[in-house]
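So the structure is just underneath, and the comments pick up after that.
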Amino acid sequence: MELGRYLTVRRRQVTQKHHGEHSHENHLERKRLPLIESPVNDQLYDVLDSDGTPNLEKLRSRASVLPAISSTDGPILYKTRHEASTIELFYDLFFVANLATFTAAHNHSDAESVAAYLGFFTLLWFTWLNTTLYDVRFATDSIIERAFKFVHFGVMTAFVFCGPIFDLYDDKSDARTYKKFAVTMAISHAVTTMQYLIVLIQSRRYRTAVLPVALTTLVNALAAIGFGVTATMLPIDDIAWHSLVIWYTLKVLSGVLTVLISVFFRVISFKHAHLTERLSLLTLIVTGEGIIGLSKSLSTITKANKSTSANDIGSVIAAVLLLYLIWMLYFDQLDEEGKMGTIRQQIWALLHFPLHSAIVLMVEGNTSLIPWSSAVQGLNLVWSVRPGPEDAPSTSFANNSAFVTYLNDSMWKISDHFKSYKLAEEYDWTLNLTSIINIADDTTFNGGVYTSEIAPIVDEMFDYAENFVFKAHDASMSKMIKVSTTKASSSAAHDSLASMYEIYDVVTLYFYIGAGTTLLLLSAMYWFGKPHHTRSEAGGPIVRVIVGSLLIGSGCLGVFVDTGTTGYKFQQSTLLIPVVAIAYLVVIIIDTVFTFFSEHPDTGAIIFHRGSRPKRRDHQSMGPSPGADPDSDRARMIPLDSMSGSTANLPDYDDDSPHDQRYSNKPSPMLAAEASELKVRDFAQPEPTSISTLSSPFLSPANQDSRISRFKSLKAPAAYTSLSDDDYDDYDRRQMDRYDRPQRPL
Numbered sequence: 001m002e003l004g005r006y007l008t009v010r011r012r013q014v015t016q017k018h019h020g021e022h023s024h025e026n027h028l029e030r031k032r033l034p035l036i037e038s039p040v041n042d043q044l045y046d047v048l049d050s051d052g053t054p055n056l057e058k059l060r061s062r063a064s065v066l067p068a069i070s071s072t073d074g075p076i077l078y079k080t081r082h083e084a085s086t087i088e089l090f091y092d093l094f095f096v097a098n099l100a101t102f103t104a105a106h107n108h109s110d111a112e113s114v115a116a117y118l119g120f121f122t123l124l125w126f127t128w129l130n131t132t133l134y135d136v137r138f139a140t141d142s143i144i145e146r147a148f149k150f151v152h153f154g155v156m157t158a159f160v161f162c163g164p165i166f167d168l169y170d171d172k173s174d175a176r177t178y179k180k181f182a183v184t185m186a187i188s189h190a191v192t193t194m195q196y197l198i199v200l201i202q203s204r205r206y207r208t209a210v211l212p213v214a215l216t217t218l219v220n221a222l223a224a225i226g227f228g229v230t231a232t233m234l235p236i237d238d239i240a241w242h243s244l245v246i247w248y249t250l251k252v253l254s255g256v257l258t259v260l261i262s263v264f265f266r267v268i269s270f271k272h273a274h275l276t277e278r279l280s281l282l283t284l285i286v287t288g289e290g291i292i293g294l295s296k297s298l299s300t301i302t303k304a305n306k307s308t309s310a311n312d313i314g315s316v317i318a319a320v321l322l323l324y325l326i327w328m329l330y331f332d333q334l335d336e337e338g339k340m341g342t343i344r345q346q347i348w349a350l351l352h353f354p355l356h357s358a359i360v361l362m363v364e365g366n367t368s369l370i371p372w373s374s375a376v377q378g379l380n381l382v383w384s385v386r387p388g389p390e391d392a393p394s395t396s397f398a399n400n401s402a403f404v405t406y407l408n409d410s411m412w413k414i415s416d417h418f419k420s421y422k423l424a425e426e427y428d429w430t431l432n433l434t435s436i437i438n439i440a441d442d443t444t445f446n447g448g449v450y451t452s453e454i455a456p457i458v459d460e461m462f463d464y465a466e467n468f469v470f471k472a473h474d475a476s477m478s479k480m481i482k483v484s485t486t487k488a489s490s491s492a493a494h495d496s497l498a499s500m501y502e503i504y505d506v507v508t509l510y511f512y513i514g515a516g517t518t519l520l521l522l523s524a525m526y527w528f529g530k531p532h533h534t535r536s537e538a539g540g541p542i543v544r545v546i547v548g549s550l551l552i553g554s555g556c557l558g559v560f561v562d563t564g565t566t567g568y569k570f571q572q573s574t575l576l577i578p579v580v581a582i583a584y585l586v587v588i589i590i591d592t593v594f595t596f597f598s599e600h601p602d603t604g605a606i607i608f609h610r611g612s613r614p615k616r617r618d619h620q621s622m623g624p625s626p627g628a629d630p631d632s633d634r635a636r637m638i639p640l641d642s643m644s645g646s647t648a649n650l651p652d653y654d655d656d657s658p659h660d661q662r663y664s665n666k667p668s669p670m671l672a673a674e675a676s677e678l679k680v681r682d683f684a685q686p687e688p689t690s691i692s693t694l695s696s697p698f699l700s701p702a703n704q705d706s707r708i709s710r711f712k713s714l715k716a717p718a719a720y721t722s723l724s725d726d727d728y729d730d731y732d733r734r735q736m737d738r739y740d741r742p743q744r745p746l
């Protein structure tokens, strides 16, 4: 296609060798971008028959290309890439922008608003997943693919315009915006359907790939139709977030079904794709959202307070440590690409959605609780200077003049505590003091009438001061202040203050639930993500489950168990973030201890994945034990008989342990009588020239000849070498694999 040269080009590296010189020159050659490029391995056309099955003769003649197109599971039909391309990373930036923009504009003030936030995140995450599942397996660089990618960029951009409709406190959203968003989702799935349809046409020669690709195409087509139907059926009026359950269902089902199809049809599985890298990069993006909010919160407390206290510094350190520990817990347990089985990998991949949802809640709570911790210190100041008891605040004063002077000094002390805002500029408390003086002139000081009339005035003064503490942190708390004013039953400062406390009850609750759920999900991913676990490593998931459950319980108890203002509620302290950080640190420390024990065999840690690890004495060794005396009977070798599946009753063999036949699927045909005829020779002696002792009445002449030829090819190892345990086992496996392991066909 000549159209490509006018649109764009891509570069390839070409090596040229100069005549008469031993030097090479590399340069980049401009290459035309094709209109359509097939994701199918080009080499497969040369080694497969017309029905898509491997041709053995062609495979033998094309042995040089086998590593690129085959694996232990059979031919690799589609081209593989082991790392994300630049256009995929560019697409991830749109996810970052959407998440950051919506998080900054959204109000997490009650259960419904948090649910709406998670609903938006669900649609965003599965839209990203739907595109990624195609990219990691079938994406190529062509004009058509770049055009489709541009449409996907537009879909992600539409999330920015439609995000405010998920904010319950934004009155500007209407059903028309919902309809536009439904059309956007329909376009997204329609484009993905076209991409899979092109792959289906390109894979039509390979019957094993036709059905799974066709099913995946059908799933996306049905999802596009479903979103299109919802766009025509939604009424033109206010729509609550829970009325969009059908959207969430369509998105989740399309993603899950696409993954399940790859489980049952391994030809389009993700085993040779870079899905693990894409998901790990997305985890970094989601965690990085917490860094953006952390920086903003740090700026807030710096501007609000006249001086930074030790509690503020401690909260920031704990918040940074928490983000770092999230990274450690996730990436330290991340296994290398290709190590997970197909089913394990799919489960591990799908667990990322609840994991990312929990991390989003945790980092958002982390961001909100940093200015809350700073505000709590301001509240402590207000509570410390507030006279009591509330119904008779003047009881501890000698006269009204002393009482009024104390109130005036307390208000100035609160005002001077902050830098950006001053209470004296926001609130004229002298009017309240004048009212108290007038009441004292007409009544008896500390009398019943006096206390009943001044108590509401004092309450109003200090309630306003408490609200002022939150206003001083409005750079991060402006959304909360707006919601608290909206939810207040009246304009009284007391009602607004109560609403603010309720909001931070919700923040504390989802922060601790998110932190605990993250550990629970990391426990499941730890188990599915690693194909092998030592006995010591098995304790890692258990510790995560225990600590995660304790965090969830602590958050619920702290919110629902009210201990009063004097003893504080749990969330009215500066320890909210440090408690979670310490809990995560405990998990890391225990993991380190478990890792230490697993790396030292003398501690008793053995691999138990799919059965206990084979012991040296459970099969015939091809050499002496590393600790054996070279002059003892142990320093002798019996030639390995590949016809035998067990070494029971062999001469000089320790038979007090269970005999292992894991290397053979059939009982051993080798009997003790035959084994007794095998001649044991010393390594130090020259190789015997007679092989008559290898004959056996239990073997056919052909098998005897085979055994004799194999025995001739054996070379005795050195009389004694100081091998480590790992070297010893590896040597055994190499020798056994040399004769016993059948060659796996392609």
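Numbering (full-length UniProt numbering), first residue to last: 1 to 746.
Yeah, the Cβ is synthetic: ideal placement off N, Cα and C, and Gly gets one too.
Predicted, not measured: the structure shown is a model, and the values here were computed from it.
| Asked | Found |
| --- | --- |
| Taking the DSSP output, what are the residues bridged to arginine 146? | None; arginine 146 has no bridge partner. |
| Pick helix, strand or coil for valine 40, following the three-state DSSP scheme. | strand |
| Name the DSSP beta bridge partners of asparagine 305, please? | Phe418 |
| Mind checking if leucine 33 is an interface residue toward chain B, Cβ cutoff 7 Å exclusive? | Although the question refers to chain B, the structure presented lacks it and comprises just one protein chain. |
| Can you name, in chain order, every residue of its own chain whose Cβ lies under 7 Å from the Cβ of alanine 358, other than the five neighbours on each side? | Gly514, Thr517, Thr518 and Leu521 |
| Rounded to the nearest angstrom, what separates leucine 244 and lysine 179 at their Cα positions? | 11 Å |
| Per DSSP, which one or two residues make a beta bridge with tyrosine 78? | Val40 |
| Going along the chain, which residues of its own chain have a beta-carbon closer than 8 Å to the beta-carbon of alanine 158, five neighbours each way excluded? | Lys180, Phe181 and Thr184 |
| Please state if the CB of glycine 290 and the CB of leucine 323 are separated by a distance shorter than 7 Å. | yes |
| Find out if the Cβ-Cβ distance for the pair glycine 255, asparagine 130 is shorter than 7 Å. | yes |
| To the nearest angstrom, how far is it from the Cα of methionine 233 to the Cα of isoleucine 246? | 12 Å |
| Which value, in whole angstroms, describes the spacing of the CA atoms of alanine 100 and asparagine 220? | 28 Å |
| If you draw a straight line from the alpha carbon of tryptophan 527 to that of proline 541, how long is it in whole angstroms? | 7 Å |
| Alpha carbon to alpha carbon, what distance is there between isoleucine 414 and valine 382? | 7 Å |
| Please confirm if the stretch 503 to 511 is in contact with the stretch 341 to 355, defined as three or more CB-CB distances below 8 Å between the two stretches. | no |
| What separation, rounded to the nearest whole angstrom, lies between the Cα atoms of tyrosine 510 and phenylalanine 418? | 29 Å |
| What three-state label does DSSP hand glycine 388 in the structure shown? | coil |
| Is the separation between the beta-carbon of phenylalanine 470 and that of alanine 375 shorter than 7 Å? | yes |
| Would DSSP call leucine 100 helix, strand or coil? | The sequence shown places alanine at residue 100, not leucine. Helix at alanine 100. |
| Decide if tryptophan 327 is buried, meaning its Cβ has at least 16 other Cβ atoms within 10 Å, or exposed. | exposed |
| When you compare the CB positions of valine 96 and leucine 275, do they come within less than 7 Å of one another, or not? | no |
| Among His473, Asp591 and Phe445, which has the Cα closest to the Cα of alanine 398? | Phe445 |
| Taking its Cβ as the centre, do 16 or more other Cβ atoms sit within 10 Å of glutamate 599, making it buried, or is it exposed? | exposed |
| So, with DSSP's three-state summary, where would you put methionine 340? | coil |
| Using the Cα positions of glycine 553 and tyrosine 512, report the straight-line distance between them to the nearest angstrom. | 8 Å |
| Quick one: Cα of glutamate 112 to Cα of isoleucine 36, how far? | 47 Å |
| Does the beta-carbon of valine 267 have 16 or more other beta-carbons within 10 angstroms, so that it is buried, or is it exposed? | buried |
| Could you tell me how far apart the beta carbons of isoleucine 437 and isoleucine 457 are, in whole angstroms, since I believe they sit closer than 8 Å? | That pair is no contact at about 11 Å. |
| Do histidine 189 and alanine 223 come within 7 Å of each other at the CB atom, strictly closer than that value? | yes |
| What is the DSSP secondary structure of aspartate 110, counted as helix, strand or coil? | coil |
| Using 10 angstroms around the beta-carbon of aspartate 591, count the other beta-carbons present and answer buried if the total reaches 16, otherwise exposed. | buried |
| Figure out for me which residue from Thr283, Thr367 and Cys556 has the closest Cα to the Cα of leucine 334. | Thr283 |
| Could you check whether leucine 197 and threonine 217 sit closer than 7 Å to each other, using their CB atoms as the reference points? | yes |
| With H, G and I counted as helix, E and B as strand and the rest as coil, what does DSSP make of glycine 4? | Reliability fails at glycine 4, whose pLDDT of 41 lies under 50, so the model's placement of it is uncertain and no value is given. |
| So, with DSSP's three-state summary, where would you put tryptophan 429? | coil |
| From which residue to which residue does the alpha helix (DSSP H) around proline 393 run? | Looking at the DSSP string, proline 393 is not in any alpha helix (DSSP H), and its letter there is neither H nor E. |
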